[in-house]
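In what follows, a structure is listed as structure tokens, so that the remarks can point back to it.
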Amino acid sequence: MQRYMDGTTSSSLFEARLGKEKFGKEVHAYSVAFSRNEVRQVKQYADKIIFNSLSQLKAFYRDARGLSIGIRLNPA
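The working numbering puts the sequence shown at residues 438 to 513.
This is how it looks when you write it as structure tokens:
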């Protein structure tokens with residue numbers, strides 16, 4: 438039985454690029470500490486970007502425009 442990956446999750450710009458170029462399927466990008474420049478660069482590889490906090494979402498929302506956006510929540 439063959440199994441296929443539906444996509445990849447990356448924690449860096451380089452992993453996002455690897456996921457897009459080698460697997461060619463959906464790429465989710467996540468980083469604890471995105472910089473504005475990283476968000477802009479990862480857009481060319483990622484289908485979805487997951488932010489680590491509301492402040493990160495607010496800071497980079499415009500830069501992530503065009504991607505599906507998620508936010509990581511930690512229940513108290």
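For every residue, glycine included, the Cβ atom is placed at its ideal position computed from N, Cα and C. Every value quoted in this text rests on a predicted model; they were computed, and no experiment measured them.
Residue range of the beta strand (DSSP E) that includes residue i
i: residue 464; result: 463–467
i: residue 505; result: 505–508
As assigned by DSSP and simplified to three states, the class of residue i
i: residue 447; result: strand
i: residue 492; result: helix
i: residue 456; result: helix
Among the options, the one whose alpha carbon lies nearest that of residue i
i: residue 471; options: 507, 511, 502 and 448; result: 448
i: residue 475; options: 450, 454, 506 and 488; result: 450
i: residue 441; options: 502, 466 and 461; result: 461
i: residue 465; options: 503, 445 and 454; result: 445
i: residue 503; options: 489, 483, 493 and 512; result: 483
Range covered by the alpha helix (DSSP H) that runs through residue i
i: residue 478; result: 473–479
Contact set for residue i: own chain, Cβ-Cβ below 8 Å, skip 5 residues either direction
i: residue 500; result: 473, 476, 477 and 480
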